[in-house]
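Chemist:
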Amino acid sequence: RKGTEVCMQHAPFEQKDETSLYGWPLLAPAGTPWLRSHRQFFENRLAVSRAVASYVRRRTTPTGSRGVDYIRSRLASTLQTGGALETNPPPVAASEDITNKAVETTDLPMRTGASDAKTDGEMFSWIAGLSGGVYPHYLGLGDSYRLATAQSMEKPMFMQFSLYRNRLNAIWRDMVRIVLQAQERYNKQKYETYEAHIAADRLVEADLEGISTAVGTTFRDVINPQVLAGTIPDETVENMTVYGLQSVLHSIGAEDVQEMVNV
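Its first residue numbered 46, the sequence shown is counted upward by one per residue in this note's numbering.
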């Protein structure tokens, strides 16, 4: 309504330039057209397969249109026209087909070029996935990928989606801060802090052993000698210890890490 103040939060992705506040989402503009083309390709393939499956045999007769209509009526099922009895039931297995030369029956080719379509579909799937930073083996296209390749591609994908997740977490924290500040301004509320803990699922399971080893080695070979030499204040050591503990807890997906550390 008139006179109402509105607060708008805009979160840019892939900024158009350094001074612009506007940007594009994660998969656009590079990814969205490929995703749309991928969907259209499979919709077209479905139309081809459906068209081929519509007719499986061709019957040719030298008669005129009336003869064709008569043969169609003889082959038609009464159940399709609302009849109570089936006059043309489907044959059982190993049945014999007896015809005369008046009608020639041939089987239509049922090939749809599926092998070529499979190759094309995989290629389009790769491009659509890579445009969003998703590697083929995560899309179930692992026929041509070895385990070592999948594992080597895990790290860059994990880094990308971790950055994206951190970006979303920052947006949610800003949103919480904006709402709380608005509550203080307009509803006379008072909050001790604007901090918010945002829990998001990880893309892959973290290497707890590797993280713990790295943190332990850092304290043993770098921090402890400095502590013994008296070159690092006790407060700094305490802060570094808390940070290392937080890193390990976050890596295993622990929630409310800040509260646990404060305890």
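Using N, Cα and C, we set each Cβ at its ideal position, and we do this for glycine too.
So, are the CB atoms of M202 and V224 less than 8 Å apart?
Modeler: Against a cut-off of 8 Å, the Cβ pair of V224 and M202 comes out as no contact.
Chemist: Under the assumption that L153 contacts R104 (Cβ atoms under 8 Å), give the Cβ distance between them as a whole number of angstroms.
Modeler: In fact, because the Cβ distance is near 11 Å, the residues do not count as touching under 8 Å.
Chemist: What span of residues does the beta strand (DSSP E) with T151 cover, start to end?
Modeler: Unbroken beta strand (DSSP E) run through T151: E149 to D152.
Chemist: In angstroms, rounded to a whole number, what distance separates the CA positions of G289 and D279?
Modeler: So the two alpha carbons sit approximately 15 Å from each other.
Chemist: Throw me the rounded Cβ distance for the L80 and A173 pair, which I believe falls under 8 Å.
Modeler: Yes, they are in contact, since the Cβ atoms of L80 and A173 sit about 5 Å apart, within 8 Å.
Chemist: If you scan the stretch 78–126 from start to end, which runs of the alpha helix (DSSP H) of 4 or more residues do you find wholly inside it?
Modeler: Counting whole runs of 4 or more residues, the stretch 78–126 contains the alpha helix (DSSP H) stretches 110–120.
Chemist: Tell me whether M53 sits in a helix, a strand or coil according to DSSP, three-state version.
Modeler: Three-state DSSP puts M53 in coil, outside helix and strand.
Chemist: Assign A194 to one of three DSSP states: helix, strand, or coil.
Modeler: Sequence check: residue 194 is Thr here, not Ala. T194: helix per DSSP, three-state reduction.
Chemist: Using CA coordinates, which residue listed in T132, S82, H182 and A159 is at the minimum distance from S94?
Modeler: The residue with the shortest Cα to Cα distance from S94 is A159.
Chemist: P181: buried (16+ other C-beta within 10 angstroms of its C-beta) or exposed?
Modeler: By the 10 Å Cβ count, P181 comes out buried.
Chemist: Determine the direct distance from the alpha carbon of D161 to that of G76, and round the result to whole angstroms.
Modeler: Roughly 24 Å separates the two Cα atoms.
Chemist: So K30 is in the alpha helix (DSSP H); what residue range does that whole segment cover?
Modeler: Nothing about residue 30 can be read from this structure; the chain reaches only from 46 to 308.
Chemist: Let's test the definition: count the other Cβ atoms within 10 Å of the Cβ of S110 and tell me whether it reaches 16, buried, or not, exposed.
Modeler: Counting Cβ neighbours within 10 Å, S110 comes out exposed, since fewer than 16 surround it.
Chemist: Specify the secondary structure class of E240 as computed by DSSP and reduced to three states.
Modeler: Coil.
Chemist: With distances taken between CB atoms, is the gap from V101 to T157 smaller than 8 Å?
Modeler: Cβ distance not < 8 Å, so V101 and T157 don't count as in contact.
Chemist: By a C-beta neighbour count over all protein chains shown, 10 Å radius and 16 as the cutoff for buried, is H55 buried or exposed?
Modeler: By the 10 Å Cβ count, H55 comes out exposed.
Chemist: Less than 8 Å between the C-beta atoms of V260 and Y239, yes or no?
Modeler: Not a contact, by the Cβ cut-off of 8 Å.
Chemist: Determine the direct distance from the alpha carbon of I116 to that of I143, and round the result to whole angstroms.
Modeler: Approximately 15 Å, taken between the alpha carbons.
Chemist: In the structure shown, what three-state DSSP assignment does E283 receive?
Modeler: Helix, per DSSP.
Chemist: I'd like to know whether the C-beta of P135 is nearer than 8 Å to at least one C-beta of chain C.
Modeler: As a matter of chain content, chain C is missing from the structure shown, which is built from one protein chain.
Chemist: Mind checking which residues open and close the alpha helix (DSSP H) that includes L155?
Modeler: Reading the sequence as shown, one finds Met at residue 155 and not Leu. No alpha helix (DSSP H) contains M155, which DSSP labels as neither H nor E.
Chemist: The alpha helix (DSSP H) that contains D161, what's its start and end?
Modeler: Residues A159 to S176.
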